[in-house]
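The block underneath contains the structure these notes are about, expressed in structure tokens.
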Amino acid sequence: MVRKLVYILMLAVICCLTGCRRGTFETEYIGNNDAEAIYYSSYNIPIVFESPNSGIINSFMIGDNICVIASVYIDGEETYRTIMIDNELEQIISTNIIGIDHAYSFCATQGNNIACSTGRGFYIIDPYTGRQISEGQISGIASNERPSVAYYDKGFVFVTSEKIYRIKDDGGIIDSTELYIEGMPCINNTFFTQNGIDYVVFDEDMGTDLKYYKIDFDRGTVEQTASASQMDIVPLTAYENSKYAYDEYYGKIYELDIANLGKAICAYRSNMLIKPTTGSTYKTYIYNKDHFAFSNTYGGGMWELVVVNRDDDLNISDRTIITVAGDYATYDNSLLMAVYMYNTSQNEYYVNVESWGEESSWSTSAEAELRNLKLIQQMQNGDAPDILYGYTLDYDNMGQLGIVIDMMPYIENSTVITSENLNEYLYDLMTRNGQCYKLFNGFSFNGFCGSLVYDEDQELGFYTDSNISESLRFRYTSADYLNFILGYPLENLSHNDDFISEDQIERAISIATDIGIAPDEQVGSINLDGEENISYGIYGTVSSLERISDNGYFEFYGFPTLGETSYCINPMGLMAISSGSEHPEACFDFLEYMYSDEAQKAVLSNLSFPLSNDVYNLYMNYMRNPDSIPDNEYGMRLLATDLIEVRGNEVGYRQLPSSLFTNLSKAISHINQVTYIDFGLYNILVDEINSYYTQDKPISDIARSLRSRLLLYAQENYYT
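The numbers in my numbering rise by one with no breaks, and the one at position 280 of the sequence shown is 374.
Following this line, the structure appears as structure tokens:
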């Protein structure tokens, strides 16, 4: 009995000791509590390198400051540079060459130095001076390995395919643990600690999944515990293969809960006051739950680091939220620039941009039609964002239905949205018939462009020109060609108050089936800017126009139809104000920011032409004389790179013919329609013309059926 009591007491003591030991590990909260109410301010650091092929390769925090690691080329040789940023002063405080060749990985150390891995071992460096503090050799590294280093609370770790080493800040090796993981390549692997547990992450399948292994250094054991797929994380979004992940589409930063195979939100991109740039986002750096950064590249050695810090003094939660929602809204730089300017210009409202969620996604035109019908029904029932975004909805029709408001009363009092400030043809297009249900801040040409000459007197223009029709043959499906002829726009199908005849529709179907392909065939590799000098759609760069011009001459053919030729544009930043918005005045105030100089320059970065006369003329003047572009006009310099040419030993810009700019102005003056995707109309055209292939239905029968369906559709959707 005594022995039994002693045994029980021993168990109790062991349990208490175990409990005390476990109690020493403070469990950290995964993600951020109340992430929706946490806001972030930011600042931008421009970085210009001596060589155009230099750039940022990594960034992490050292203490309270930011360390940037850059790969730089000096006299043709690659080396590395540290750039230290004071996160309080928001400026660069030191930049140093560290003189190491072929480093694979960099990290901060516990002692506020940096460590880097090479094929032979590691170096420890003072980031503020670039001075090498120590180095160490690691034996047994295979020639094809890329060992990595990562922060550790006693210094740092060094990871190879066979071992993980714990190393002190002075370079002394604490210990190592064997990594017996079959088939594990040593590339893109790293290490981190969460809730007192050490993990090593392996990119075992080269980007298809990440595997997380728990390491017990005391016991020398390694145990697989999780994978990115189990936590519903795309491997490429798990930054530095760490415990964080960034969902770019939905704008959410997560912390992964490795032990419980979960994830929790740390931050929302929509809660970050970030000034967009005209460069391309290269990488996202998640330093910790409250500090992030985005690196942007402009090309030519021009970079920018956007540092984002939690700001508890921002108090945006007290503002009234204005929501902008639509397909891919979060990818529009010009929209995000307007949002930034508006949100930093006043303290009463806060614009939040959202892309439609998965419940509103679609993959076929039939699914898109059903999605749009559902959205319209929801909005008619009062479930609508303040501002609608994108060109997958017909805002003019929605205005007639009372879903979006007529903005003309606001425009009449605006000093920004005027025919003097904006392109007069496009201003008239937005305010046609004294009404304005939609606004847009940029455009690209939608239709055929080129330098070919054809007989314009023919009813269907170049479709019936034998030379041009041969160049267009089998580029698109027959349904697409029929949509070009009949669907742009439907209102042009009316002649002298008479709806289009069966004979005219039969003629259109004959052309579409002659030069188009069947729906189940594959379009081959087509050079749209090749010998034919004809292209479908032109993005907003004069260099794009130059590629299809003949010494500066080109025509905007648009879409020749059975009625008036449709000279369409793809609108950038197409938006409308919901009639259900409680703050239409604030919504319109925000929309005015779309036409500011900064937002209009961001339109150019989206490869669209701006509406602002000042920014448009500035861009055209720079393209006439690229040498005049100032160094701080990163976006303009990037747009001019297509004009760079090598002449012998010299590099310079080629001169564009003046006729190119004249013909661009002529093309803009022809514009008469803003494109939106009418999925209902398109699906009728697809359904009818596909019967030619699937049912061997005569063209005359198709024309009769199609005319009846088009007339009914027009009466229900276009004629009031």
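Each residue gets a CB set at the ideal place from its N, CA and C atoms; glycine is no exception.
Small disclaimer: the values here were computed from a predicted structure and weren't measured.
Given residue i as reference, the closest of the options once Cα atoms are compared
i, options, result
"TYR379", "THR525, ILE163, TYR647", "ILE163"
"PRO678", "PRO503, LEU754, GLU744, PHE539", "PRO503"
"LEU523", "ASN664, TYR344, GLN324, TYR198", "ASN664"
"VAL418", "CYS161, ALA209, PHE684", "PHE684"
"ILE642", "THR635, SER629, GLY634, ARG741", "SER629"
"ILE208", "ALA197, ASP220, GLY215", "ASP220"
"LEU399", "GLY356, ASP406, PHE388, PRO613", "PHE388"
"ASP691", "SER237, ASN206, VAL294, MET431", "MET431"
"SER563", "THR458, TYR344, ILE609", "ILE609"
"ASN241", "ASP247, PHE296, ASN206", "Before going further, note that residue 241 is Pro rather than Asn in the sequence given. That would be PHE296, whose Cα lies nearest to the Cα of PRO241."
"TRP450", "GLU596, ALA462, TYR422", "TYR422"
"ILE177", "ILE168, GLY149, GLU171", "GLY149"
Per DSSP, cross-strand counterpart(s) of residue i
i, result
"PRO241", "In the DSSP output, where bridge partners are listed per residue, PRO241 has none listed."
"THR417", "ASN446"
"LEU399", "ILE139, SER389"
"ALA202", "ILE208"
"SER270", "TYR259"
"SER637", "Looking at the DSSP assignment, SER637 forms no beta bridge with any residue, so it has no partner."
"GLU692", "The partner list for GLU692 (beta bridge, DSSP) is empty, contrary to what the question assumes."
"ASN159", "ILE156"
"SER672", "VAL498"
"ASN711", "Partner(s): none; ASN711 has no beta bridge."
Beta-carbon contacts of residue i that lie in its chain and below 6 Å, excluding the five residues immediately before and after
i, result
"THR659", "GLY652"
"ALA244", "CYS201, VAL251, THR284, PHE285"
"SER454", "ARG465"
"PHE568", "ILE611"
"LEU800", "ILE599, GLU782"
"ARG803", "ILE778"
"GLN324", "LEU355"
Exposed unless 16 or more other CB atoms sit within 10 angstroms - verdict on residue i
i, result
"THR315", "exposed"
"GLU649", "buried"
"GLY290", "exposed"
"GLU514", "exposed"
"GLY496", "exposed"
"GLY541", "buried"
"LYS305", "buried"
"ASP725", "exposed"
"ASP574", "buried"
"ARG313", "exposed"
"ASN527", "exposed"
"GLY266", "exposed"
"ILE124", "buried"
"ALA339", "buried"
"ASP477", "exposed"
"LYS468", "exposed"
Inter-residue spacing [alpha-carbon to alpha-carbon] between residue i and residue j
i, j, result
"SER233", "GLU122", "37 Å"
"TYR786", "ILE603", "10 Å"
"MET730", "MET717", "9 Å"
"ASP384", "ILE481", "30 Å"
"ASN491", "ILE368", "35 Å"
"SER560", "ILE605", "11 Å"
"TYR381", "PHE154", "6 Å"
"PHE556", "GLY657", "14 Å"
"GLU448", "GLY667", "14 Å"
"VAL697", "LYS760", "21 Å"
"GLY631", "GLU229", "57 Å"
"ASN152", "VAL401", "13 Å"
"ILE499", "ASP488", "13 Å"
"SER211", "SER199", "5 Å"
"VAL328", "ASP303", "7 Å"
"GLY742", "ARG748", "14 Å"
"LEU758", "VAL547", "17 Å"
"TYR633", "LEU737", "16 Å"
"ASP644", "SER545", "6 Å"
"THR635", "VAL166", "30 Å"
"ASN711", "SER508", "22 Å"
Residues near residue i in its chain [Cβ-Cβ closer than 8 Å; skip 5 each side]
i, result
"LEU805", "PHE593"
"LEU516", "TYR689, LEU705, SER706, ASN707"
"ASP623", "At ASP623 the pLDDT is 41, less than 50, meaning the model places this residue with poor confidence and gives no usable figure here."
Cut-off 7 Å between Cβ atoms - residues of its own chain near residue i, not counting five sequence neighbours on either side
i, result
"ILE191", "THR173, ARG175, GLY224"
"ALA320", "TYR306, ILE352, LEU355"
CB contact below 9 Å: residue i versus chain C
i, result
"ASP614", "Considering every chain present, this structure includes no chain C. It has just one protein chain."
Check: residue i C-beta below 8 Å from any heavy atom of the ligand ATP
i, result
"TYR246", "Absence of the ligand ATP is noted for the structure shown, with no ligands found whatsoever."
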